Every structure is written in C-alpha cells, then in structure tokens.
Amino acid sequence: MPKPESEPMNDSVNIFQEYRHRIIAAVEAAAAAGALPAGLDTSRVSVEPPREAAHGDITTNAAMVLAKPAGMKPRDLAVVLAERLAALDTVAGVDIAGPGFVNLRLKQSVLYAQLVQVLKAGPAYGDTTLGAGAPVNVEYVSTNPTGPLHVGHGRGAVVGDALAGLLEKAGYAVTREYYINDAGAQVDALAWSVGFRYLQALGEKISEETFEGSCPQGQLQYRGEYLIPVGRALMEKFGDSLAIKDEDGAFELPAIDEWLPKVREFAIDAMMDLIREDLAALGVRQSVFSSERQLAGRGAVEEALEFLKERGLIYQGILEPPKGKTPDDWEPREQTLFRATRFGDDVDRPVRKSDGSWTYFATDMAYHLDKYRRGFKIMINVWGADHGGYVKRMRAAVKALTGGEGELDVKLCQMVNLTDDGKPVKMSKRAGTFVTLRDVIDKVGKDVVRFIMLTRKNDAHLDFDLTQAQEQSRDNPVFYVQYAHARCRSVLRHAAEEFTSEELAPRSLARAKLGRLADPAEIELIRTMAQWPRMVEGAALAHEPHRIAYYLQEFAGRFHALWNMGKDNASLRFIATNDRELSLARLALVQGVAFVIASGLKVFDVEPVEELR
RNA sequence: GCGCCCUUAGCUCAACCGGAUAGAGCAUCGGAUUUCUAAUCCGAAGGUUGCAGGUUCGAGUCCUGCAGGGCGCGCCA
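Sequential numbering of the first sequence, starting at 716, is according to my numbering.
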C-alpha cells in the first residue's frame, strides 16, 4: 500500500534521525528475509549528511559497520541495503561508494517539505524533543561576590547561558543557576576592604598603607574605586555606629565581631547587586542564586558528610606530599579526607581545615548533593580554566553522593585575550586601566559580546578585538550573520510593494510552488537548513554551543553567495519581474533563511536585526 | 615529579558517536566591479593534522610513549 509521500515528513524534524530509523528497518527487514543474519547490533550505524554534495543527501556507514558481525564483505552488504532503500518512495537514487558507504539521493520534494517545516515552525524550527524534558542544571559565573565581573567571567557567563539555551531548544528542562561563594576568606577580605572605605566615608584621611598595617595580613585585597560608594552607603545606613574612636578621636574599627559580620553582609549584597547589573547588561538571566553561606548555615555540609561517612567514604588520614615538588612548609598532618580515589580522582581530598571549618570542597559537595536532591541528574558547571585541577574531585564527589546516578560535566573556559585594533588591552588593576566586562558591553553591545564569546570552543583561547567587533565587514562574524538576516528582512519589505501581507505570511509562503526553486545554490541552501535540527541535537549532546556559531556563519555565507549571484544575473534575484509564482517561491526561501538564522541566534539570546544601521 | 587541557594551511580557527579527496576566514596571488539587491564579488595557491608507534576495513579524532605551550597540585575559592 503506497503511503502519501509527504506524510512522514511532518512528524519528525531531524530527517537524518528519521532515515536512520528507516535504514535500520531495512536491515531488519533484510534479516527477516534471510538476506542478512538476524540480531545485528545497529548501534554504531551512523546516518549523516555527506561532506561532499556530490555524494547525495544522506550517507550511512551501515554496510561497513555491520560487515564483520554479518560475516559479509561491506560492498555485498551494501548491495542488499541499497536495494531495499531504493524502494523507499522518497528516495531518488542510491549509490554505493568507497569502502561501502551507501549514499541516498532524496527526491527534491523531501527538501521542499523541509522548507515547509521551517515556514510553519518559524524561529522554533530546530526545537527537538531529544531531552524529553529531563531536568538539567547549568551553573555558571559563580564568582566570589567581591567586585564587578571582568571579561573572563563574561565568557563563562555567555557560554553557560548559551549552553542553557541550546539545551532548552533540545528539549531539556533547564535551570540556570549561580552559586554565590559568599563564605570563606574572600568575603572576609571584602569586608575589610569595605571597612577601609567606610572609615574614609566617615571622614578619616587614612591611607591604604596605614590601614593595611592595622588590619590582618592580606585583608585589604580589593582596592578598586568601586568600593568607595559601598563605604558611603554603609555610612548612610549605619552612621558611625560600626566604628569607635581611638584616644586621638579618630575613627577606627572595633573588635571584629562587632562590625565585620554586618559589613560583610552589606558588602556581599552590594556586590551581588553589582554583579546582577553586569549580568543583566549582558542579557544573562539566571533564575536560581544559591548561597554557599546559607547552605552551610542550614547544616547541609554535615548532612552530606554524614551521608558519605555512612558509606565509609570519609576517614582520618595523612596525605603523601606531592611527588617532585614538596611545598617548603610541608609537614605530615592528619586530616579528614574523602575517598575521592575510589571514584577516579588521583588523591583523597580534605574536607576540613585545621581550624575546624569546612573546606570549599566540602561545601561544594553539599551544594551538589543539594542540586541532585532538587531533581537534577544532569549537572553542568562552567568554570575558568584555572579550576581545571578541581574537576576530577568534583566529578568523584558527584558520583559518590548520587550513587552513580548523577552526572557532572564541567566546561572549562580558557582566557579571553582582549585587544583593540590588534594591540593588547592592558588588564592591570594597578595601572588603572582595568577593563571590566561592563566596559566592553557598553562599547560594543551585548549581542556582539555574546556572539563573539561563542566563536571558539570553550577550552580554546579566545581573541576578542574591540575594533573588529564593531566593524561592519566580513571579518566580523556577528555582522556577517546579522547582515544575512537583515538582507532577508529587506527583501521581504521590498516584496510588500508587490504582494499583500496575507500573501507574504509564512503560512501562505508555505503553499508556494517550491518546485520553482531549482537553482543548485537554492537547493544547497535548503539542504543546509534541513541540517539545522541535527546540528542542534549534536551540539546539545556534546554541550558545545560554539557549533551553532559556526553553523550560522556557514549558512549566512551560503545565503550571501546566492544574493551575490543575483547581482550578476538578474534572473536569480529573489523578486522576479513578471513571475509572481517564482517570486513567491523565492520569498518562501528567504523567509525560511530568516527563520533559521533567528532560530540560531535565539539559542544565544542574540536579537536578530531587521536592518543594519 | 604527577594530573588535566592544548598543538591542524603563513595567521586565527573548524571538522558533528572513528568515515570518503582534512574545511572556513584573514593574509598572498590572479581576475571582475565604479555600483546601489548598501557596507565588494569570483577564482587560484596554500597540509607528513607537533613527533614516533599501536588498534581498526578506515585515525586529526581512540590507546601508548616523546616534545612544546597553558593551568593546577594538603586546610584559596
């Protein structure tokens, strides 16, 4: 019984996935018919777009992968498969090539149907159900709340945010989370640094050197001017009640207990406000902010360690010094240790400091247990590359705390090399030329920052040139992609002179005579569109949002090429004179291109522009 | 010394679960174009994928060793 040709295309977006099912069905049917052995393992069968357009639309390695278990030569097996696949009503031709690739050429109607899908779905094209609603926690930024974000933080923020967007598009239930490191020594140092600004706000002419001499070693760590308003705000709220006068009548800080907790809390709040502003300026929206201090305060660390202790994973022991490079002050010490080695780490890790307080790692374990208990089996953390040495122990901890149920992936972001017209921008705080993330956003715009941060793999160094980021030229990837979208919109605006808005509505364009799209460049563009859902799934599975940026650049390139062809050859222009049918088919294509670009930019939360200024 | 990451065209980088002749952009070279489909276009050349082995029908991709670069290495976060 023949099936209607268009029917199967409507319930599946990723045509490669769809044909994978069909190819495996063909293997099974061949087995049932006795042409192949039964029960072949098809898990390694891949179905992909071929690299060479000449190889057709879809290629599979099935014959090569199955040859050995089937006890057949790859090409013999390919013949069996090819015969069955050739019988599919959407297949125009089958070739066997190279060592045993089976290449399918699809009827063009399949590609047109794909364009119809794009027009019907709009920017939602490429949304998949891959994740099946599974909860995923993406934790990113998570800095100490001690100052404004710098450019490196910005990269982590964008990578995390885009990864979250990507996973959402792929059908996961994503929570975007920030872990506030508001406990520990760093925020105490922040409190001291704010205390200094507070005394200044009270009118004390106190120098950094003097204050430094009067406070514990190394506590005046944060000397940036951004703390001056915090000191002033502290004075406005508390007056001089947090200070006392010495015998000369000068203000100084009293005993630690009397001022530091209050100042610390105030300062942390102020810094988090600052950070949230930076994140907002970057368009990063995290919905959960977890406080390390609160977590520890409610006994979560004790709970997590008790959990591990019951399983024999906590013990008192003495670590070996690191081989080859023993620290000068090394002396063997008994510590409370977590058996990280049992879960793949190199050494067991301490959970308690000698003063009895928890290590950062201990609190982080509690935090990840907390995430797991909130329902997240898939956790992703985005960290700076300098935390690379911490990955193994944290993954070990997650395994231990979740009984192997939880999976932690850590994306390490390499440094950002900020330059301006090729010259390095000095990032020195001391020289007063410190460039914050906010400075960069204000200069080039959030969408530019977001896109450029994603033009490299997270674990590769990234060069960010302020001048190039603002250029309107081919060198600037953001511009290049945005320009493609703007060109599409421009064509559609022009089309409104000849067509009604009803005719130009996507749902109307979906009924255009798409068979009129016959130029190879047009077909190639549709073919690239058809790969978009697969691209989303692949990038989501690999947790690699940068792939989207590359796809968009390539796709935009193909569109620009088609546009340029119309410059030389007027018959290839999108709006054809005296041929409304052809114009509408091409406008459908143009609208489809705009949707796919919008769909991709949406993953990055970058706004597609209607026109360029 | 140990662990993790990186090494691909002159430069900056891609390469989807191991697939076919390793791809883009810039720069270089050769053409086109003086304009409105705005902020060029087309083409060429460019490679022992750091080195040496191994696994595989097939390796940039996986394994082992080596070299170079980065990060980290008991109570910093």
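Glycine included, every Cβ here is placed at the ideal spot set by N, Cα and C. Just so we're clear, the structure is a prediction, and the values are computed from it rather than from any experiment.
Between the beta-carbon of residue i and the beta-carbon of residue j, is there less than 7 Å?
i: Lys1161; j: Gly910; result: no
i: Pro814; j: Ala785; result: no
i: Gly771; j: Asn818; result: yes
i: Val945; j: Ala985; result: yes
i: Ile1263; j: Ala1254; result: yes
i: Thr1065; j: Thr1074; result: Reading the sequence as shown, one finds Pro at residue 1065 and not Thr. Yes, the pair counts as a contact, with Cβ atoms nearer than the cut-off.
i: Val1164; j: Ile1156; result: yes
i: Phe1058; j: Ala1019; result: no
i: Phe656; j: Gly837; result: Nothing about residue 656 can be read from this structure; the chain reaches only from 716 to 1328.
i: Met987; j: Pro860; result: yes
i: Arg891; j: Ala879; result: yes
i: Tyr894; j: Ser1069; result: no
i: Ala747; j: Leu800; result: no
i: Phe1053; j: Ile1033; result: no
i: Leu1229; j: Ala1300; result: yes
i: Arg1026; j: Thr1051; result: no
i: Phe1179; j: Leu1207; result: no
i: Ala807; j: Arg820; result: yes
i: His1261; j: Leu1127; result: no
i: Arg1231; j: Leu1302; result: no
i: Leu1327; j: Gly869; result: no
i: Thr843; j: Pro1139; result: no
i: Leu792; j: Ala802; result: no
i: Gln1129; j: Asp1174; result: yes
Could you tell me how far apart the beta carbons of residue i and residue j are, in whole angstroms, since I believe they sit closer than 8 Å?
i: Gln1197; j: Val1318; result: Incorrect: roughly 15 Å between the Cβ atoms, too far for contact.
i: Leu1116; j: Asn1096; result: Between Asn1096 and Leu1116 the Cβ distance is about 14 Å, and since that is not below 8 Å, they are no contact.
i: Asp851; j: Phe1091; result: Per the sequence presented here, residue 851 reads as Val, with Asp not at that position. Indeed they touch by this definition, with Cβ atoms about 7 Å apart.
i: Leu834; j: Leu1224; result: 6 Å
i: Pro764; j: Gln1246; result: 6 Å
i: Thr805; j: Val825; result: 5 Å
i: Met1250; j: Tyr1266; result: 5 Å
i: Gln662; j: Ile1238; result: Here the chain has residues from 716 to 1328 only, and residue 662 is not among them.
i: Pro982; j: Leu905; result: In the sequence as presented, Pro is not what sits at residue 982; that position holds Ala. 5 Å between Cβ atoms; contact.
i: Arg1288; j: Leu1240; result: That pair is no contact at about 15 Å.
i: Leu935; j: Arg912; result: Between Arg912 and Leu935 the Cβ distance is about 10 Å, and since that is not below 8 Å, they are no contact.
i: Tyr1082; j: Glu1007; result: 7 Å
Starting from residue i, trace the alpha helix (DSSP H) in both directions and tell me its first and last residue.
i: Asp1154; result: Leu1152 to Val1159
i: Pro784; result: Ala777 to Ala785
i: Ala1313; result: Arg1295 to Val1318
i: Ile971; result: Ile971 to Ala996
i: Glu798; result: Pro789 to Ala801
i: Trp907; result: Ala900 to Ala916
i: Pro667; result: The shown model of the chain, from 716 to 1328, leaves out residue 667, and the question about it has no answer.
i: Thr1283; result: It should be noted that the sequence gives Asp, not Thr, for residue 1283. Run containing Asp1283: His1261 to Asp1283, per the alpha helix (DSSP H) assignment.
i: Arg737; result: Ile730 to Ala747
i: Val885; result: Sequence inspection shows Ala at residue 885; the Val mentioned does not correspond to that position. No alpha helix (DSSP H) contains Ala885, which DSSP labels as neither H nor E.
i: Leu1020; result: Ala1015 to Glu1025
i: Pro1221; result: Pro1221 to Leu1224
Which first and last residues belong to the beta strand (DSSP E) in which residue i is found?
i: Gln1031; result: Ile1029 to Ile1033
i: Pro850; result: Pro850 to Glu854
i: Thr890; result: Ala888 to Ile895
i: Val1321; result: Careful: Val1321 lies outside any beta strand (DSSP E) and carries neither H nor E.
i: Ala1289; result: According to the sequence displayed, residue 1289 carries Phe and not Ala. Where Phe1289 is concerned, there is no enclosing beta strand (DSSP E), given that its DSSP letter is neither H nor E.
i: Arg820; result: Phe816 to Leu821
i: Val1003; result: Val1003 to Ser1006
Based on DSSP bridge pairs, tell me the residues matched to residue i.
i: Lys960; result: Phe966
i: Ala812; result: Phe816
i: Ile773; result: Leu819
i: Val806; result: Leu821
i: Gln1050; result: Gly1032
i: Glu763; result: Thr774
i: Pro752; result: For Pro752, which the question treats as bridged, DSSP gives no partner whatsoever.
i: Pro1139; result: Thr1134
Complete beta strand (DSSP E) runs within the region 1054-1137 (minimum length 3 residues, chain order): For secondary structure counted as the beta strand (DSSP E) over 3 or more consecutive residues, the region 1054-1137 holds these complete runs in sequence order: 1093-1099, 1122-1128 and 1131-1135.
Alpha helix (DSSP H) segments (min. 4 residues) lying fully within the region 1228-1252: Within the region 1228-1252, the complete alpha helix (DSSP H) runs of at least 4 residues are 1235-1245.
Runs of alpha helix (DSSP H) wholly within the region 924-954 (minimum 4 residues, chain order): Counting whole runs of 4 or more residues, the region 924-954 contains the alpha helix (DSSP H) stretches 943-953.
Runs of alpha helix (DSSP H) lying entirely within the region 1170-1213, each at least 4 residues, in chain order: The qualifying runs are 1181-1185 and 1192-1210.
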